[in-house]
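S.K.: In order, the protein sequence lines correspond to chains A and D. Converting from the first sequence to this note's numbering requires adding 1081 to each position, the first position being numbered 1. Converting from the second sequence to this note's numbering requires adding 732 to each position, the first position being numbered 1. C-beta: ideal position from N, C-alpha, C; glycine also. Note that this is a predicted model, so its numbers are computed, not measured. First the structure, which I've put down as structure tokens, then a few questions once you've had a look.
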Amino acid sequence: MNFFVQARREFTAFFYSPMAYIIATFYLLFTGFTFWILLKNEANANAMRSLLSFLGFIHVIFIPMVTMRLLAEERKSGTLEMLVTAPISDVEIALAKFFGALSFTVLMMAPTLLYTWAVHKVGGHPDHGLTGASYTGLLLISAAYVSIGLFISSLTANQIVAAILTFVVLFTFYFLLGFVAGSAAALPFNEKVDWPAVVNYVHFGSRLQAFGKGIVDTRDVVYFLSVVALGLFLTVKSLESRRWR
Amino acid sequence: MIEVDSLVKRYAGVTAVDGISFKVDKGEIIGFLGKNGAGKSTTMKILSSFFPPTSGSARVAGFDCVTESMEVRRRVGYMPERVPIYEDMRVEEYLRYRAKLKGVAWRGRERAVNEAILAAGLKEVRRKLVGSLSKGYRQRAGLADAIVHKPELLILDEPTAGLDPGQIRQVRDLIKQLGTQTTLLLSTHILSEVELTASRILLIHRGRLVASGSPGSLVGGSRSNRRFLIEIRGGGVLAEAMFRGMPGVLKVDWIQGEEWQGYRLETGYETDPRVDLAHFAHDNGWDLRELREERETLEDLFVRITKTDEAGPQVTVTPEPAAPAAEPPAAPAGDPA
Chain A
1082 MNFFVQARRE
1092 FTAFFYSPMA
1102 YIIATFYLLF
1112 TGFTFWILLK
1122 NEANANAMRS
1132 LLSFLGFIHV
1142 IFIPMVTMRL
1152 LAEERKSGTL
1162 EMLVTAPISD
1172 VEIALAKFFG
1182 ALSFTVLMMA
1192 PTLLYTWAVH
1202 KVGGHPDHGL
1212 TGASYTGLLL
1222 ISAAYVSIGL
1232 FISSLTANQI
1242 VAAILTFVVL
1252 FTFYFLLGFV
1262 AGSAAALPFN
1272 EKVDWPAVVN
1282 YVHFGSRLQA
1292 FGKGIVDTRD
1302 VVYFLSVVAL
1312 GLFLTVKSLE
1322 SRRWR
Chain D
733 MIEVDSLVKR
743 YAGVTAVDGI
753 SFKVDKGEII
763 GFLGKNGAGK
773 STTMKILSSF
783 FPPTSGSARV
793 AGFDCVTESM
803 EVRRRVGYMP
813 ERVPIYEDMR
823 VEEYLRYRAK
833 LKGVAWRGRE
843 RAVNEAILAA
853 GLKEVRRKLV
863 GSLSKGYRQR
873 AGLADAIVHK
883 PELLILDEPT
893 AGLDPGQIRQ
903 VRDLIKQLGT
913 QTTLLLSTHI
923 LSEVELTASR
933 ILLIHRGRLV
943 ASGSPGSLVG
953 GSRSNRRFLI
963 EIRGGGVLAE
973 AMFRGMPGVL
983 KVDWIQGEEW
993 QGYRLETGYE
1003 TDPRVDLAHF
1013 AHDNGWDLRE
1023 LREERETLED
1033 LFVRITKTDE
1043 AGPQVTVTPE
1053 PAAPAAEPPA
1063 APAGDPA
């Protein structure tokens, strides 16, 4: 019950500040421009697929801006004290903030669905199954991003620090690990452990690829959901840390 | 309503609260006094279930602040010192959200919000953004939030900090009014305020409870020496010698003036030399301008107790037994609420 009260507050809070509108505007500008370029250069179905991997990266930049204030702002202004002394559990707080931010992200992403319609309009035949799988993947990876961002935001009272740190972590998982896996020679060779496979396993970028081919693999779904759960768990622990610090 | 038993809180090696015990009955207005860093806020944070104590226990309305924290939180209205409020919300919107969060049922919610707005005098700013409120209104918005769910216990951490005298009076009146409806624990270092509002004072110094009792019993009731001031014209050294010779007088300080001479006499607590002093003056032909007992004010007491920084925390003033006792955890008056 209190989860819903707080989740609603978290969601609406985005619209109280101009920040959300600025983020959403730039997000749509970026994606719209990219889509236009892609559409000019590639075949229609391909445009959607390329857009997906591009969005996966764009979210690495935008989601830290969405999540940075979640707990850092509460810590800074002291409102966290009001929140945790209200009859709401730490788990409810973490979940409310997570779903509040994820809802905003979904809302921000929603207009990009129009691009499918645009492909259709210019005479293409977008593959709806592929589009659906792509957006499922995008939703899952965004949830993982939000969860990581939420946890990092709980560690500091400084929103900028939270945003930069979240960006670095997401960039590492989405991008850098891909390079590392790609240059397998750079990894310590070990007969027992297949390091490139391990790196690939946790690499967000390769996890997203299957969705772009229209495959919703349960392994990928479970992986992203595990990251979400881990982020939420760490956030709750971070909130609880006031008890033993 | 509140039972605190040998409460200890240490943060990072610093002992903020060092074995405080007290009980508060339903309907009492308790003034929590002490210097900054004495442990007032920490105690209040434990009582509002913000964090648990390092050791000892705290119970509110019979519920443990650690193990039954949700029950405690439902019954407590807490206003922290900085009055943190979501600044991006409008006053009534914020109160509606807080009422919901605190479990005020949908049916009575709008009324509860309106009552809190009226009680806190926020009617004219109810549509304003919290972030744009003046300090006084902001404080009242914090109070409205604390009372919106009709808590059994109100904990206000320095509710008048940073307000101008007019606003202090308004908030004080509001607190007095609230005190008739709930049990109230408020901290402050404005001593006159406590004297006016509190039914009992808990004086905390360096994490320990050093005095407890009604404002009257604390300042009047201690069995310390009494002090009298007499101002006369024409006494000089002779007067000083005569005062010294009076029975029961322990000490005489001569405050030399140009024309009028002041003498401060200290006597045991059972002696009152005022009548004799008046006779002396009359019999010797001295002009008498002033003769009064200098009562220790709450401020004097506060300064006397808290000034002993170097001496360590062991300075204990034992008030009249009439007052519910200070430490060590003797049985305070009243039944556990």
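1. Using alpha carbons as the reference points, say which of A:Met1163, A:Ile1104, A:Gly1213 lies closest to A:Arg1130.
2. Could you check if D:Lys777 is buried or exposed, using at least 16 other CB atoms within 10 Å of its CB as the buried criterion?
3. Give every residue of the same chain whose Cβ lies closer than 7 angstroms to the Cβ of D:Gln871, excluding the five residues on either side of it in the sequence, and list them in chain order.
4. Going residue by residue through the segment 966-994 of chain D, where are the continuous beta strand (DSSP E) segments of at least 3 residues, counting only ones entirely within it?
5. Can you tell which of A:Ile1245, A:Arg1156, A:Val1172, A:Val1200 has the C-alpha that lies nearest to the C-alpha of A:Leu1132?
6. Roughly how many angstroms lie between the CA atoms of D:Arg978 and D:Ser949, to the nearest whole one?
7. Is there a Cβ of chain D sitting closer than 7 angstroms to that of A:Glu1091, yes or no?
8. Name the residues in the segment 777-793 of chain D whose C-beta lies less than 7 angstroms from a C-beta of chain A; which are they?
9. For A:Thr1316, which of A:Phe1096, A:Met1100, A:Ser1170, A:Arg1089 has the nearest alpha-carbon?
10. Under 8 angstroms: do the segment 962-978 of chain D and the segment 777-792 of chain D share three or more Cβ pairs, one atom per stretch?
11. On a CA-only basis, which of D:Val736, D:Phe764, D:Gly745 is nearest D:Leu923? Give me that one, please.
12. Could you check if A:Trp1117 is buried or exposed, using at least 16 other CB atoms within 10 Å of its CB as the buried criterion?
13. So the candidates are D:Ala770, D:Pro1005, D:Lys834; which of them puts its Cα closest to the Cα of D:Ile752?
14. State whether the segment 1287-1295 of chain A contacts the segment 1163-1179 of chain A, with contact taken as three or more CB pairs (one from each stretch) at a distance under 8 angstroms.
15. Listing by chain order, which chain D residues have their CB less than 9 angstroms from the CB of A:Thr1160?
16. Taking 7 angstroms as the CB-CB cut-off, is D:Met733 touching chain A?
17. Could you give the residue range of the alpha helix (DSSP H) that holds D:Glu1031?
18. Of all the options A:Thr1106, A:Arg1089, A:Pro1145, A:Ser1098, which has the alpha carbon lying nearest to the alpha carbon of A:Ala1224?
19. Compare the C-beta of A:Arg1323 against all C-beta atoms of chain D and say whether one is closer than 7 angstroms.
20. Look at the alpha carbon of D:Glu1042 and the alpha carbon of D:Asp750, and state the distance between them as a whole number of angstroms.
21. Between which two residues does the alpha helix (DSSP H) carrying D:Asp1015 extend?
22. What are the boundary residues of the beta strand (DSSP E) that includes D:Gly771?
23. Below 6 angstroms CB to CB, which residues in the same chain sit around D:Ile879 once its five sequence neighbours on both sides are set aside?
24. Just the Cα atoms here: how many angstroms apart are D:Asn846 and D:Val926?
25. Since I believe A:Tyr1255 is in contact with A:Val1141 (beta carbons under 8 angstroms), could you give me their beta-carbon distance rounded to a whole number of angstroms?
26. How far does the beta strand (DSSP E) with D:Met811 in it extend, from its first residue to its last?
27. Pull up the distance between the alpha-carbon of D:Thr1048 and that of D:Ile1037, whole angstroms please.
28. Any idea if A:Met1082 is buried or exposed, counting beta-carbon neighbours within 10 angstroms, 16 or more meaning buried?
29. Grab the span of the alpha helix (DSSP H) containing A:Thr1212 for me, first residue to last.
30. Mapping the DSSP letters down to three states, classify A:Ala1177 as helix, strand or coil.
31. Opposite D:Ala943 in the DSSP bridges: which residues?
32. Using beta-carbon positions only, say whether A:Gly1312 and A:Ile1229 come within less than 7 angstroms of one another.
33. Please classify A:Tyr1226 as buried or exposed, where buried requires at least 16 other C-beta atoms within 10 Å of its C-beta.
34. Nearest by alpha-carbon distance to D:Leu1020: which of D:Arg742, D:His921, D:Gly968, D:Arg859 is it?
35. Would you mind reading off the limits of the beta strand (DSSP E) that contains D:Arg1024?
36. Going by alpha carbons, who is nearest to D:Phe754 out of D:Ile817, D:Ile761, D:Ser738?
M.R.: Put simply:
1. Indexing the first sequence from 1 puts residue 1130 of chain A at position 49. That would be A:Gly1213, whose Cα lies nearest to the Cα of A:Arg1130.
2. The residue labelled residue 777 of chain D in the question sits at position 45 within the second sequence. Classification of D:Lys777: buried, given that the 10 Å Cβ count is 16 or more.
3. Reading the second sequence from its first residue, position 139 is the one you call residue 871 of chain D. Within the same chain, D:Gln871 has close Cβ partners Val815, Pro891, Leu895, Val903.
4. 981-987
5. As a first step, residue 1132 of chain A must be located in the first sequence, where it is residue number 51. Among A:Ile1245, A:Arg1156, A:Val1172, A:Val1200, the Cα nearest to that of A:Leu1132 belongs to A:Val1200.
6. Walking along the second sequence from the start, residue 978 of chain D turns up at place 246. Walking along the second sequence from the start, residue 949 of chain D turns up at place 217. Here residue 978 of chain D is Met; the residue named in the question, Arg, does not match the sequence. Cα-Cα distance, rounded: 29 angstroms.
7. Locating residue 1091 of chain A in the first sequence gives position 10, counting from the first residue. A:Glu1091 does not count as touching chain D.
8. Ser780, Ser781, Phe782, Phe783, Pro784
9. In the first sequence, counting from the first residue as 1, residue 1316 of chain A sits at position 235. If we check each option's Cα against that of A:Thr1316, A:Ser1170 comes out closest.
10. no
11. Position 191 of the second sequence, counting from 1, holds the residue named residue 923 of chain D. Considering only alpha carbons, the answer is D:Phe764.
12. To locate residue 1117 of chain A, count along the first sequence from 1; it is residue 36. Looking at its Cβ environment, which holds fewer than 16 other Cβ atoms inside 10 Å, A:Trp1117 is exposed.
13. The count along the second sequence starts at 1 and reaches residue 752 of chain D at position 20. The candidate whose alpha carbon is nearest that of D:Ile752 is D:Ala770.
14. no
15. Residue mapping note: residue 1160 of chain A aligns to position 79 of the first sequence, counting from 1. Pro816, Ile817, Tyr818, Glu819, listed in chain order.
16. If you number the second sequence from 1, residue 733 of chain D lands on position 1. It does not: the Cβ of D:Met733 has no partner Cβ on chain A nearer than 7 angstroms.
17. As a first step, residue 1031 of chain D must be located in the second sequence, where it is residue number 299. Per DSSP, D:Glu1031 belongs to the alpha helix (DSSP H) from 1030-1038.
18. Counting from 1 along the first sequence, the entry for residue 1224 of chain A is found at position 143. A:Ala1224 has its Cα closest to that of A:Pro1145, out of A:Thr1106, A:Arg1089, A:Pro1145, A:Ser1098.
19. As a working mapping, residue 1323 of chain A is identified with position 242 in the first sequence. Yes - at least one Cβ of chain D is within 7 angstroms of the one on A:Arg1323.
20. For this step, residue 1042 of chain D is matched to residue 310 along the second sequence. For this step, residue 750 of chain D is matched to residue 18 along the second sequence. Note that D:Glu1042 has pLDDT 44, beneath the 50 cutoff, so the model's placement of it is unreliable and no number is given.
21. As a first step, residue 1015 of chain D must be located in the second sequence, where it is residue number 283. Segment 1006-1016, the alpha helix (DSSP H) holding D:Asp1015.
22. What you label residue 771 of chain D is simply residue 39 of the second sequence in a count that begins at 1. Neither: D:Gly771 is in no beta strand (DSSP E) and is coded neither H nor E.
23. Here the question's residue 879 of chain D lines up with position 147 in the second sequence. So the qualifying residues of the chain are Gly809, Ala848.
24. Counting from 1 along the second sequence, the entry for residue 846 of chain D is found at position 114. Counting from 1 along the second sequence, the entry for residue 926 of chain D is found at position 194. About 29 angstroms.
25. For this step, residue 1141 of chain A is matched to residue 60 along the first sequence. For this step, residue 1255 of chain A is matched to residue 174 along the first sequence. Rounded, the Cβ-Cβ distance is 5 angstroms, consistent with contact.
26. Working through the second sequence from its first residue, we reach residue 811 of chain D at position 79. Element bounds for D:Met811: 808-811.
27. Position 316 of the second sequence, counted from the start, is the residue given in the question as residue 1048 of chain D. Position 305 of the second sequence, counted from the start, is the residue given in the question as residue 1037 of chain D. Annotation note: pLDDT 45 at D:Thr1048 (below 50); position unreliable, no value reported.
28. Stepping through the first sequence from its first residue, residue 1082 of chain A is reached at position 1. Per the 10 Å Cβ criterion, exposed.
29. Start at 1 with the first residue of the first sequence, and residue 1212 of chain A comes out as number 131. That run of the alpha helix (DSSP H) goes 1209-1234.
30. Indexing the first sequence from 1 puts residue 1177 of chain A at position 96. Here A:Ala1177 sits in helix by DSSP.
31. Taking the first residue of the second sequence as 1, we reach residue 943 of chain D at position 211. Bridge partners of D:Ala943: D:Leu935.
32. Along the first sequence, read from residue 1 onward, the residue named residue 1312 of chain A stands at position 231. Along the first sequence, read from residue 1 onward, the residue named residue 1229 of chain A stands at position 148. The answer is yes: Cβ separation under 7 angstroms.
33. The residue labelled residue 1226 of chain A in the question sits at position 145 within the first sequence. Buried is the call here.
34. The residue labelled residue 1020 of chain D in the question sits at position 288 within the second sequence. Considering only alpha carbons, the answer is D:Gly968.
35. On the second sequence, position 292 is the one that residue 1024 of chain D refers to. Here the beta strand (DSSP E) through D:Arg1024 covers 1019-1026.
36. Counting from one through the second sequence, the residue named residue 754 of chain D turns up at place 22. The option with the nearest alpha carbon to D:Phe754 is D:Ser738.
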